[in-house]
Amino acid sequence: MKLIKCYFFKFKNIDDIHTIDNLAHAHIAQCSAENIMIWCQFIQTFGLSESSAIVLGKEYHFKRVRRLSEGFFQREMSRVNLLTNESYSYNELHELVRNSSYYSRLLPLTIECVELDGVPDTLPIIIEEIYLSDEQKPSKMLPSSVKMKTPSAYNDNPLLQVVQNF
Numbered sequence: 468m469k470l471i472k473c474y475f476f477k478f479k480n481i482d483d484i485h486t487i488d489n490l491a492h493a494h495i496a497q498c499s500a501e502n503i504m505i506w507c508q509f510i511q512t513f514g515l516s517e518s519s520a521i522v523l524g525k526e527y528h529f530k531r532v533r534r535l536s537e538g539f540f541q542r543e544m545s546r547v548n549l550l551t552n553e554s555y556s557y558n559e560l561h562e563l564v565r566n567s568s569y570y571s572r573l574l575p576l577t578i579e580c581v582e583l584d585g586v587p588d589t590l591p592i593i594i595e596e597i598y599l600s601d602e603q604k605p606s607k608m609l610p611s612s613v614k615m616k617t618p619s620a621y622n623d624n625p626l627l628q629v630v631q632n633f
């Protein structure tokens with residue numbers, strides 16, 4: 468704050484607009500150079516540290532795995548369905564998920580490499596089949612990687628509603 472007041476009094480006494488302009492540019496250049504020096508010190512202190520690289524690597528890996536889990540679904544079926552060929556239904560389910568507004572609005576990772584992490588159009592959709600005996604009834608809820616706070620929140624996600632009805 469003192470620095471700003473100092474500049475204010477310097478500029479207050481100058482009447483020539485070109486002098487004010489030159490002084491302002493000089494001070495902005497000095498501030499920019501100081502910011503670059505501080506940033507370089509920050510990078511040397513924290514950026515090259517092995518411990519910070521490990522922490523950032525773990526965080527990045529966790530976010531990538533979480534992104535991959537957005538396309539993981541479970542499908543409960545009777546064992547009788549083992550004898551039938553329902554491969555067409557997987558294509559329909561794949562298209563429902565791929566074209567859903569939820570899936571298309573997935574946020575990008577904070578640090579991402581599109582070639583490695585992919586985009587929502589290229590993320591795999593994995594459907595795990597769970598075959599139940601005839602006595603067991605399929606559950607109403609299809610567990611997904613989408614974390615909900617309350618069971619009623621399942622009703623708020625249109626993708627889960629469509630998959631549940633499938």
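First residue of the sequence shown: 468, per the working numbering; consecutive thereafter. Where a beta carbon is used, it is the ideal one built from N, C-alpha and C, also for glycine. Keep in mind it's a predicted model, so treat the numbers as computed, not measured.
Assigned exposure category for residue i - 16 Cβ within 10 Å defines buried
i: S611; result: Its pLDDT being 45, under 50, S611 is placed unreliably by the model, and the measurement read from it follows with that caveat. Counting Cβ neighbours within 10 Å, S611 comes out buried, since at least 16 surround it.
i: G538; result: buried
i: R534; result: buried
i: F540; result: buried
i: V532; result: exposed
i: V581; result: exposed
i: V564; result: buried
Distance, residue j Cα to residue i Cα
i: Y570; j: I487; result: 54 Å
i: I592; j: N489; result: 59 Å
i: E562; j: N548; result: 22 Å
i: I481; j: W506; result: 33 Å
i: G585; j: K472; result: 51 Å
i: D588; j: G514; result: 33 Å
i: S499; j: S518; result: 30 Å
Selection from the options that minimises the alpha carbon distance to residue i
i: I495; options: V564, G585 and Y474; result: Y474
i: Y557; options: Q497, I505, H485 and I594; result: I594
i: T551; options: T512, V586, S568 and Y598; result: Y598
i: I578; options: L470, Y527 and I503; result: Y527
i: L574; options: G514, L590 and E517; result: L590
Whether residue i touches residue j by CB criterion (7 Å)
i: E596; j: R546; result: no
i: L576; j: K525; result: no
Proximity test, Cβ basis, 7 Å: residue i and chain C
i: S536; result: Here chain C cannot be found, since the structure has a single protein chain.
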